[in-house]
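Structure first, then comments.
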Amino acid sequence: MVIRALTVFASSWFYLPILVDTKVGKYVMTKQILICNYKGGVGKTSTAINIADWLENQNHSVMLIDCDPNRSATKLKARGESLGFKILSQQRALSELQKKSYEYLVIDSQARPHSEELSDFADGADLVVLPMAPSIDDLDPTLEAIADLKKLGIDHYRILLSAVPPKPSREGETMRDELLSGGYRVFDSWIRRSAGIPKAALEGCAVRKLTGNYKLPGRDYARLGTEIIQFLEEEQ
Ligand SMILES: Nc1ncnc2c1ncn2[C@@H]1O[C@H](COP(=O)(O)OP(=O)(O)OP(=O)(O)O)[C@@H](O)[C@H]1O
Ligand SMILES: [Mg+2]
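Be aware that the sequence shown starts at -12, since it is given in this note's numbering, and climbs by one per residue.
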């Protein structure tokens, strides 16, 4: 028997449930990881794909919910054959969740959600990940999103520095230190700037599947994945 407390609110965003009794009688705690930002092009879809892939590679059941009307994650998967996890629209994900339970739901949000959409999404999330490049252009929209999350009483967020330029640039460190000294929550790990990310997107695979230097950001996502699991375990 599958016991599921699935509630669909008027907004049509969903909130999941807490305990799921699977057919094998094991209790599964479903964790939702929301990837979002008010700014577009900050690495949300890349993060969603590569984190879902890492979780699956660690033998977790995972589904990516593509809430972006552009369907970037769905199209990326269709370009290749190697991504093993399901990527479904919100509507389809709801039906899927009636049939099957997942340990992790990774939610890729649309390019520029409005504040109400952010709050609908974020309310049900166990962790909100805000990717941003270490640039002034990305900073303001990210801090705006965090201010809105704080208004909702949500502090289980982490900023993910993404597309961080390689050494000798210190942009990553500098931005991280500034964010931390401003009291913001930032992942220890970050994602390097690498031609591997667009290449993997083009080939429809996770970046770790590439060869040579292209696959190096796969290590960053592995570090990030470990940090995410640790965060979620501590929150339990
Ligand atoms: N670490 C990185 N290094 C180099 N390029 C990157 C990196 N992360 C993302 N990109 C590239 O930046 C572009 C935007 O990334 P992505 O699609 O993941 O962002 P997004 O926030 O989902 O965008 P949108 O708001 O349009 O949905 C893509 O071309 C992607 O390949
Ligand atoms: Mg996207």
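Cβ atoms here follow ideal geometry from the backbone N, Cα and C, with glycine treated the same way.
| Smallest Cα separation from Glu104: which of Leu42, Ser176 and Tyr25? | The shortest C-alpha separation from Glu104 is found at Tyr25.
| message | To the nearest angstrom, how far is the alpha carbon of Ala132 from that of Gly140? | response | If you take the alpha carbons of Ala132 and Gly140, they lie about 13 Å apart.
| task | Answer yes or no: the CB of Asp53 versus the heavy atoms of ligand 2, is any distance below 6 Å? | result | no
| task | Spell out a yes or no on whether the stretch 54 to 61 and the stretch 84 to 95 are touching, meaning 3 or more CB-CB pairs, one atom from each, closer than 8 Å. | result | With the cut-off at 8 Å, the stretch 54 to 61 and the stretch 84 to 95 touch.
| request: Could you tell me the distance, in whole angstroms, from the CA atom of Gly205 to the CA atom of Val173? | output: 19 Å
| request: Please say whether Gly67 and Gly191 have beta carbons closer to each other than 7 Å? | output: Contact: yes.
| said: So, at 6 Å on beta carbons, what are the nonlocal neighbours of Pro152 in its own chain, with the 5 sequence-adjacent residues on each side left out? | reply: Glu158 and Arg180
| field | Nearest candidate by alpha-carbon position, reference Ala60, set Leu75, Gly111, Leu197 and His101 | value | Leu75
| task | Check the C-beta distance from Leu70 over to Lys62 and give it rounded, since I have them as a contact under 8 Å. | result | No, Leu70 and Lys62 are not in contact; Cβ-Cβ is about 12 Å, not under 8 Å.
| Where Gln19 sits in the DSSP three-state scheme | Secondary structure at Gln19: strand, using DSSP grouped into helix, strand and coil.
| field | Closer than 6 Å: Ser76 CB and nearest ligand 4 heavy atom | value | Ligands in the displayed structure: ligand 1 and ligand 2; ligand 4 is not one of them.
| DSSP three-state call for Pro204: helix, strand or coil? | helix
| message | If you measure between the beta carbons of Lys186 and Tyr201, is that distance less than 7 Å? | response | yes
| Closest by C-alpha distance to His47, when choosing among Ser102, Ile22, Glu90 and Leu81 | Glu90
| task | May I have the straight-line CA-CA distance separating Leu148 from Leu114, to the nearest angstrom? | result | 16 Å
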